[in-house]
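Note sheet for the following structure.
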Amino acid sequence: MERAAEAFLAGKNGFKASMVMLAALLVNLATAIYATQLFSTSYPLGMDTFSHLPKLLYMVDNGLASWFFDWYAGMPLFLFYPPLSYFFAYLPTLLGLNPLLSYKLVEVVFILAAPIVFYFFCRRLGLSGEKAAYATLFFSLIPFVPLNSIVFGRFPNIVAMPFYLAALIFFFEAVETHSKRSVLAAGGFFALTLLTHHLSAYILTVSVAILLLNVLFGRESFQAKLRKVFSLSSPLIFGLVLSSFWLIPFLVYLKYWHQLSFNPSSLYYLPVASVIFILTVLGVSMLSERLSKTKDMYSRVMLAWVFLFFIYGAYLLPGGLLLPGGGEVDLMRFQLYASIPLAIALATREKYDFGLVSRKLFGGYVSTSLLVTLLLTVNVVAGAVILASTPQVVAKEVDVGRIPPEIAGYLASQQCFGRILAIDCPFWVYLLPHYTGKRLIDGWYPQGSILVMLKKVGKTYTLNNCKNDGLIRHFIERADDYGIRWILVSEEGRTYLLQNSHFKPVLEAEGIILYENQHKVSYVDVKPQAKVSWSWSRDKIELRVESLSERTEVIVKEAYFPAWKAYDNGVSIPLKQSELGFMKLTLQGRGEHRVTLVFEEDVT
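Here is the structure:
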């Protein structure tokens, strides 16, 4: 009889867990369909979509290139940003799938994969099937998770999440079993995380460090602790080795990266920041142990993880003070990854004792159904607040609509060379090169811009929405030098910047005014004058210069980067950086020069 009752209860609990898990998957499916606009021809929602989708479209147009001609007057395509998520979206296009649909389907697949892997992570921690299912549902409803897709559109982050969770499964397994399989798997998934989204890999390292420091905080023998430390550190080293083919060039060329704000003196602070990080983790872990009823390490780790990640993600203290290299990190991502331990803590809330608060809130007053209702309500309220408080941001950066066909058609019909400068325009401008063949002087948030003046835009702006009128005026006044032929300005934007300029309006459509430069602009400038023709293809620029002088100075209006090499009639010649950051070379002797510029990415 007892066995029958146990079997009945197990079956009942199993059915309940299945229904809760189904609900979690349906929540994620709804999020994925809405975020990607799966059943429409619209672009996926989210600000970052217009950073990532253009790169996929460029790959479809140009194959596996190393140089990205479309933005910033040129930039390395995947040197400063991991490539793996883009390759996942690129592969289906080789079979003929539409690239926009491929992008959407890959995003849907990884949004759905995350809760499944999260469930197995919960089971790895020892949660029952029912509690793991509820934790998965909580995870799916914590607002930072759906907002990651719907508002921010963080495609590589979305792809990295299942790898991050899978790595955690094997890191925690390695602590318990010390098996080679766990160590190798943890290292493999750490490498996949790094090659998909380097910031997620950084946060994964912080998560593992919290686990490692809690291992040291425990009461085991020194030998047992040492073995666990080895099991946790070995996968990190193995993962770095596996991803070294991307990581080493990234580190070598890091000084050229726009976003890096390190200076030599800040490097000396890294050991101090590391000590502060260790002390912070240990202090929060000690507090977490006092709040945990069961005193098991995993409960302590989850609570410490929640506290620390919300501290980092709330911008309450400068990240550089609390984390090694924290000044270079988008701390908002910690809010997303804090959802993992928070969901687990909510599902196992009976393990924690917050005194009166615990008895009032967790002592029967807050049921699981009430928590689900509360999370649903918070999502609805958060969505309403975002729409009501930032309608212009939503319209320009999140749900941007279509590219006005009149503007796209006009630009595509122009046979001359020229770049586009956008001012106060919706983020669809970053897709214009794909549809019109006309490249931008700007790019989506300067992640990789290497021109001198573009580095003055700052980390948190594009040139498009930069508030520095003087900087934008610089590009307008020196448009000929930058090869800028067209300027797009929102009719409600800063049209006054174009007064008394040599740009005149030629078209207006859907609230956007298109201005055209009355001067002819060129991709190549030569002194003294010479007959020049040029062409470009994947990772290569070819010039034909008929020089009448013994010495000819040539400026190619493509961003200078040390991986570019120059050859004159097959002979290597020096390549330098011009005042504005373009490629500059000198041709010796009269006659025809066939110059080839080749992007040869190496670390020598």
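Under the working numbering, think of the first position of the sequence shown as 5, with each following residue one higher.
Note that beta-carbon positions come from the ideal geometry of N, C-alpha and C, so glycine has one too.
The structure displayed is predicted, hence computed values, not measured ones.
- When secondary structure is reduced to three states using DSSP, F122 falls in the helix class.
- With a 10 Å radius around the Cβ and a threshold of 16 neighbouring Cβ atoms, Q339 comes out buried.
- With a cutoff of 7 Å on beta-carbon distance, F176 and R128 are scored as near each other.
- Under the three-pair Cβ rule at 8 Å, the region 73–91 counts as touching the region 189–208.
- DSSP, reduced to helix, strand and coil, places L42 outside both helices and strands of the structure shown, so it counts as coil.
- When beta bridges are read from the DSSP output, P80 appears opposite W71.
- About 6 Å separates the CB atoms of T556 and V530; that is less than 8 Å, so the two are in contact.
- When the alpha-carbon of V24 is set against those of P119, T381 and Y62, the nearest one is in P119.
- With respect to the C-alpha of A137, the residue from P409, G18 and L286 having the closest C-alpha is G18.
- A contact between stretches requires three or more CB pairs, one per stretch, nearer than 8 Å, and the region 43–54 meets this requirement with the region 149–166.
- Out of I344, S303 and A386, the CA that lies nearest to the CA of Y356 is found in S303.
- Closest in alpha carbon position to V536, among R542, K544, E550 and H523, is E550.
- Separation of the CB atoms of F156 and A347 is rounded to 19 Å, and the pair is thereby denied contact status at 8 Å.
- Taking 4 residues as the minimum length, the alpha helix (DSSP H) runs contained wholly in the region 156–207 are 159–181 and 184–200, in order along the chain.
- Look at R406 here: in three-state DSSP terms it is coil, with no helix or strand label.
- When C-alpha distances from A205 are compared across K184, M165 and L217, the shortest belongs to M165.
- Taking C-beta atoms as the reference points, L518 and L492 count as a pair closer than 7 Å.
- With respect to the 7 Å criterion, I445 and L425 are classified as neighbours on the basis of their beta carbons.
- In the same chain as D543, and ignoring 5 residues on each side of it, the C-beta atoms closer than 8 Å to its own belong to A69, S70, W71, V602 and F603, in chain order.
- The three-state secondary structure of W568, taken from DSSP, is strand.
- In this structure C470 is buried. Its beta-carbon is surrounded by 16 or more other beta-carbon atoms within 10 angstroms.
- Non-local C-beta neighbours of A399 in its own chain, meaning closer than 8 Å and more than five positions away in sequence, comprise G405 and P430, ordered along the chain.
- W261 has no beta-bridge partner at all, per DSSP.
- Annotation: the continuous alpha helix (DSSP H) that includes I282 extends over L274 to L295.
- Taking the C-beta atoms as reference points, G441 is found no nearer than 7 Å to R489.
- Ranked by Cα distance from Y500, the first of F124, R477 and L350 is R477.
- In this structure, the CA atom of S582 is about 21 Å from the CA atom of S539.
- DSSP, reduced to helix, strand and coil, places N573 outside both helices and strands of the structure shown, so it counts as coil.
- Taking a C-beta distance under 7 Å as the contact criterion, F114 and L169 do not qualify as a contact pair.
- Of the residues T35, E134 and F249, the one whose Cα lies closest to the Cα of I154 is T35.
- The beta carbon of S453 is closer than 7 Å to those of Y76, M79, H262, G447 and K459 in its chain, skipping five residues each way along the sequence.
- Each residue's CA atom was taken as its position, placing R482 and K108 some 39 Å apart.
- Non-local beta-carbon contacts of S186 in its own chain, meaning distances under 6 Å to residues more than five positions away in sequence, involve F174, E177 and A178 in chain order.
- Annotation for A570: I577, L579, L589 and L601 place their beta carbon closer than 6 Å to its own, counting only its chain and skipping 5 residues before and after.
- S505: not part of any alpha helix (DSSP H); DSSP gives it neither H nor E.
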